[in-house]
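J.:
Protein chains: 2
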Amino acid sequence: MRQAKLRPSPRTGNVPGPTGPSCAVPLAHQDRIVLGHGSGGRLTHDLIRQVFLSAFDNPALARGDDAACLDLPDGGRLAVTTDGHIVSPLFFPGGDIGRLAVCGSVNDLCVMGAVPQWLTASFILEEGLERETLERIVDSMRAAAEEAGVSIVAGDTKVAERGSADGVFIHTTGVGRIPAGREVGGARARPGDAVLLSGAVGDHGMAVLAARGGLDFAIDAVSDVAPLNGLVEAMFTACADLHVLRDPTRGGVATTLNEIARQSAVSILLDEESIPVHPAVAAACELLGFDPLYIANEGKLVAMVPPESAPDVLDAMRAHPLGRDACRIGVVQQGPAGRVGLRTRLGTTRVVDMLSGEMLPRIC
Amino acid sequence: MRQAKLRPSPRTGNVPGPTGPSCAVPLAHQDRIVLGHGSGGRLTHDLIRQVFLSAFDNPALARGDDAACLDLPDGGRLAVTTDGHIVSPLFFPGGDIGRLAVCGSVNDLCVMGAVPQWLTASFILEEGLERETLERIVDSMRAAAEEAGVSIVAGDTKVAERGSADGVFIHTTGVGRIPAGREVGGARARPGDAVLLSGAVGDHGMAVLAARGGLDFAIDAVSDVAPLNGLVEAMFTACADLHVLRDPTRGGVATTLNEIARQSAVSILLDEESIPVHPAVAAACELLGFDPLYIANEGKLVAMVPPESAPDVLDAMRAHPLGRDACRIGVVQQGPAGRVGLRTRLGTTRVVDMLSGEMLPRIC
Numbered sequence: 002m003r004q005a006k007l008r009p010s011p012r013t014g015n016v017p018g019p020t021g022p023s024c025a026v027p028l029a030h031q032d033r034i035v036l037g038h039g040s041g042g043r044l045t046h047d048l049i050r051q052v053f054l055s056a057f058d059n060p061a062l063a064r065g066d067d068a069a070c071l072d073l074p075d076g077g078r079l080a081v082t083t084d085g086h087i088v089s090p091l092f093f094p095g096g097d098i099g100r101l102a103v104c105g106s107v108n109d110l111c112v113m114g115a116v117p118q119w120l121t122a123s124f125i126l127e128e129g130l131e132r133e134t135l136e137r138i139v140d141s142m143r144a145a146a147e148e149a150g151v152s153i154v155a156g157d158t159k160v161a162e163r164g165s166a167d168g169v170f171i172h173t174t175g176v177g178r179i180p181a182g183r184e185v186g187g188a189r190a191r192p193g194d195a196v197l198l199s200g201a202v203g204d205h206g207m208a209v210l211a212a213r214g215g216l217d218f219a220i221d222a223v224s225d226v227a228p229l230n231g232l233v234e235a236m237f238t239a240c241a242d243l244h245v246l247r248d249p250t251r252g253g254v255a256t257t258l259n260e261i262a263r264q265s266a267v268s269i270l271l272d273e274e275s276i277p278v279h280p281a282v283a284a285a286c287e288l289l290g291f292d293p294l295y296i297a298n299e300g301k302l303v304a305m306v307p308p309e310s311a312p313d314v315l316d317a318m319r320a321h322p323l324g325r326d327a328c329r330i331g332v333v334q335q336g337p338a339g340r341v342g343l344r345t346r347l348g349t350t351r352v353v354d355m356l357s358g359e360m361l362p363r364i365c
Numbered sequence: 002m003r004q005a006k007l008r009p010s011p012r013t014g015n016v017p018g019p020t021g022p023s024c025a026v027p028l029a030h031q032d033r034i035v036l037g038h039g040s041g042g043r044l045t046h047d048l049i050r051q052v053f054l055s056a057f058d059n060p061a062l063a064r065g066d067d068a069a070c071l072d073l074p075d076g077g078r079l080a081v082t083t084d085g086h087i088v089s090p091l092f093f094p095g096g097d098i099g100r101l102a103v104c105g106s107v108n109d110l111c112v113m114g115a116v117p118q119w120l121t122a123s124f125i126l127e128e129g130l131e132r133e134t135l136e137r138i139v140d141s142m143r144a145a146a147e148e149a150g151v152s153i154v155a156g157d158t159k160v161a162e163r164g165s166a167d168g169v170f171i172h173t174t175g176v177g178r179i180p181a182g183r184e185v186g187g188a189r190a191r192p193g194d195a196v197l198l199s200g201a202v203g204d205h206g207m208a209v210l211a212a213r214g215g216l217d218f219a220i221d222a223v224s225d226v227a228p229l230n231g232l233v234e235a236m237f238t239a240c241a242d243l244h245v246l247r248d249p250t251r252g253g254v255a256t257t258l259n260e261i262a263r264q265s266a267v268s269i270l271l272d273e274e275s276i277p278v279h280p281a282v283a284a285a286c287e288l289l290g291f292d293p294l295y296i297a298n299e300g301k302l303v304a305m306v307p308p309e310s311a312p313d314v315l316d317a318m319r320a321h322p323l324g325r326d327a328c329r330i331g332v333v334q335q336g337p338a339g340r341v342g343l344r345t346r347l348g349t350t351r352v353v354d355m356l357s358g359e360m361l362p363r364i365c
């Protein structure tokens, strides 16, 4: 059982609260790295802003989207994205680290409107790793790349001594072309936009948690890890002017919507009742005190689209196997900038903050 | 002291010989990953061929160059390369993991004739890492990127629990444009070509070894880690038809030349006397039983150029700060394909094989 939630670390002050994303001790200026710096939530954002953005200052990075958009001399645009994968365990219901690595980069490209074309894959292997394990992972990457229609064109392999890396780490970088006329990005949400979600939330995080074992009860969750580029193309066919697309991975839907609300300087109001959660995931979250809105997904996306296009986009999503359960979950509103609210089943409205601290480390 | 050479691992059969690249037990079909699979030598090549190439089958990868060359719809070409960096220790005389990560990707691009433009950087941090250490590394990356004229446009950060990763691992992916007309690659060496080397060999590997401590004597070596794109541009100005460029990193000059001899189906004859080695590196190699031709470099390149252009290219190299000690070290010959020979100081000729097994793990 390796989740931080059940393993408070008083030495670092990282004490995730039992029922949500709160954090007992301010963590922004810690002098050591804590697990929460990799959560995808507030600590990650602070680290990026304070350490990386200030050093690697450039417009593509500063935009804070899932992929950098780069201008080519011919007027074309490239999207480039990178991701490290350290999921533990390596295999889980519905997927494995290889499928995750390929889909992660494919999805970060397509939510920028890019057509994913090329991936690189860089491996850190721990001395003693079974070769058959590596072969299974590589075969899974091959299958996922085929499914997504991308080629793995460059790679690297390093081996670290036993005990100095955990089995296999995989970094993938994705490169794709952005077709002319597509302008999608986290800063383009407009008041009035419909907020769409492609399906049930929390499947990936709970599947990985279940695979770790050590719980007193079974979780019947299967990871949703899948390449979303086909779904995205179907959505663009229904509406050329999609405003925002993003895949809610680490930090879940709640953190992703907070990021977008900040980037676009809008507020977002969600309707709790409309957000699909599979019963097994809902039950496990209930037992563990997790909020499914903060659990990672690896085959879902949220979209902000002009209200008049929402019905067509929803129809297109529902016609695609990965969007069958798509639904409208909320609306973009004028200010207060950066706030995400949730209208609960009881009719009250509560603020949905960004994840701070860490709920489930090593989830992707 | 973590080098494999002084730590035979009988459980894996990986017993590097004491005086060179030989390996007592055949390793090609081992069922577990050993350190030698990350050496950059024969075991790495076997793993790439048997596991990765067979799964990710495509022409860009199969070419086996330092970067993939990809065609854009406008007729332009992109070079893409990726590298993981796990060097231990993180800081060493002349550099650190951050400078290494930036220069590694810049160099893999420019030896394909590309002009490096964009990098991505993906970090795995170990829980408990000092934030100041991370900031020093990031600042070094910033400085190296500035020196090379590239932008770091996308990134990712993951945190692994204490004990499941070693401090900091950094993966960089580089993207650059290949100017029209440049055709450089490992398969383009031609009989008669001059083999040029930009300076002394073995500095990086011995500097890292020295920084590990645990030796009974001091090694006064400083890593040569540097971005080579300026030097490469100077060489292209002197001769538009450079045949092969490559940076001899893991596995050293010996392994790099073996790769090229195989790709081009030629043989290469080196002149031992002409290969520069700094006295401190030569002395340490002598004491440790290492051959400097197998020690990693991170700021050197080898080039195969038409014999009539060699004097101009050498002049251009020597006029650049990173090529001051450039020299002609050998000649490309017709067959036997894939063989590298060395004319020794005694006037005899011996075969210089590819590194097999592992001399110094975690060198980059």
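Note that the protein sequences, when read in sequence, are chains P and A. So the first sequence is numbered by the working numbering: it starts at 2 and just counts up by one. So the second sequence is numbered by the working numbering: it starts at 2 and just counts up by one. C-beta atoms are modelled at their ideal positions from N, C-alpha and C, and glycine is treated no differently.
(1) What does the Cβ neighbour count give for ALA190 (chain P), buried or exposed, with the cut at 16 atoms within 10 Å?
(2) When burial is assigned at 16 or more other CB atoms within 10 Å of the CB, is GLY336 (chain A) buried or exposed?
(3) In the DSSP output, which residue or residues are listed as bridge partners for PHE170 (chain A)?
(4) Would you say VAL314 (chain P) lies against chain A (beta-carbon separation less than 9 Å)?
(5) Have a look at ALA211 (chain A) and PRO94 (chain A) and give me their C-alpha separation to the nearest angstrom.
(6) What is the rounded straight-line gap between the Cα of GLY348 (chain P) and the Cα of ILE98 (chain P)?
(7) Quick one: what's got a C-beta closer than 6 Å to LYS159 (chain A)'s C-beta in the same chain, skipping five residues either side?
(8) For the alpha helix (DSSP H) holding ILE220 (chain A), just list the boundary residues, first then last.
(9) Helix, strand or coil for VAL35 (chain P)? Go by DSSP, reduced to three states.
(10) May I ask you to verify whether the segment 133-140 of chain P touches the segment 43-54 of chain P, counting CB pairs closer than 8 Å and requiring at least 3?
(11) GLY150 (chain A): buried (16+ other C-beta within 10 angstroms of its C-beta) or exposed?
(12) Using the three-state DSSP reduction, which class does THR350 (chain A) fall into: helix, strand or coil?
(13) Classify GLY358 (chain P): buried if its beta carbon has 16 or more other beta carbons within 10 angstroms, exposed otherwise.
(14) For VAL291 (chain P), does the count of other Cβ atoms within 10 angstroms reach 16, so buried, or fall short, so exposed?
(15) From this set, P:SER40, P:THR121, P:ALA61, P:GLU127, which residue's C-alpha is nearest GLY39 (chain A)'s C-alpha?
(16) DSSP puts CYS328 (chain P) in a beta bridge; with which residues?
(17) Along chain P, in chain order, which residues have C-beta atoms closer than 7 Å to that of SER165 (chain A)?
(18) Determine the closest residue to MET305 (chain A) out of A:SER265, A:ASP326, A:ALA284, with distance taken between C-alpha atoms.
(19) Give me the Cβ distance between ASN259 (chain P) and VAL333 (chain P), rounded to the nearest whole Å; I'm assuming they're in contact under 8 Å.
(20) At which residues does the beta strand (DSSP E) containing SER152 (chain P) begin and terminate?
(21) Kindly list, in the order they appear in chain P, the residues whose Cβ is closer than 8 Å to that of PRO249 (chain A).
(22) I'd like to confirm the pairing. Which residues does DSSP put opposite LEU343 (chain A) in its beta bridges?
(23) In three-state terms, what does DSSP make of VAL88 (chain A)?
(24) Under three-state DSSP, which class holds CYS24 (chain P)?
(25) Return the bridge partner residues of MET305 (chain A) from the DSSP annotation.
(26) Nearest to LEU361 (chain P) by CA position, among P:VAL303, P:ILE87, P:ARG319, is which residue?
(27) Counting along the chain, where does the beta strand (DSSP E) carrying ALA69 (chain P) start and finish?
(28) Is the segment 67-77 of chain P touching the segment 197-208 of chain P in the sense that three or more CB pairs, one from each, lie closer than 8 Å?
(29) For SER55 (chain P), count the other beta carbons within 10 Å of its own beta carbon; 16 or more makes it buried, fewer makes it exposed. Which is it?
(30) Could you list which residues in chain P have their beta carbon closer than 7 Å to that of ARG33 (chain A), in chain order?
(31) Less than 9 Å between the beta carbons of GLY114 (chain P) and LEU232 (chain P), yes or no?
(32) Check distances from the C-beta atoms of the segment 43-63 of chain P to those of chain A and list, in chain order, the residues that come in under 8 Å.
(33) Given a cut-off of 9 Å on the beta-carbon distance, is the pair VAL154 (chain A) and THR121 (chain A) in contact?
(34) Alpha carbon to alpha carbon, how far is PHE218 (chain P) from VAL353 (chain P)? Give it in angstroms, no decimals.
(35) Assign ALA241 (chain P) to buried or exposed, taking buried as 16 or more other Cβ atoms, counted over all protein chains shown, within 10 Å of its Cβ.
(36) Of all the CB atoms in chain A, is at least one closer than 9 Å to the CB of LEU271 (chain P)?
T.: The relevant details are as follows:
(1) buried
(2) exposed
(3) A:ILE125
(4) no
(5) 8 Å
(6) 40 Å
(7) ILE125
(8) That residue, ILE220 (chain A), is in no alpha helix (DSSP H); it is neither H nor E in DSSP.
(9) coil
(10) no
(11) exposed
(12) strand
(13) buried
(14) Reading the sequence as shown, one finds Phe at residue 291 (chain P) and not Val. Buried: at least 16 other Cβ atoms inside 10 Å.
(15) P:GLU127
(16) P:LEU198
(17) ASP167
(18) A:SER265
(19) In fact, because the Cβ distance is near 13 Å, the residues do not count as touching under 8 Å.
(20) 152-161
(21) Residues of chain P passing the Cβ test: none, with the nearest at roughly 16 Å.
(22) A:LEU271, A:ARG351
(23) coil
(24) Here CYS24 (chain P) scores only 41 on pLDDT, less than 50, and its place in the model is too uncertain to base an answer on.
(25) A:VAL196, A:VAL245
(26) P:ILE87
(27) 69-72
(28) no
(29) exposed
(30) GLY129, LEU130, GLU131, ARG132
(31) no
(32) THR45, LEU48, ILE49, VAL52, PHE53, ALA56, PHE57, ASN59, ALA61, LEU62
(33) yes
(34) 28 Å
(35) exposed
(36) no
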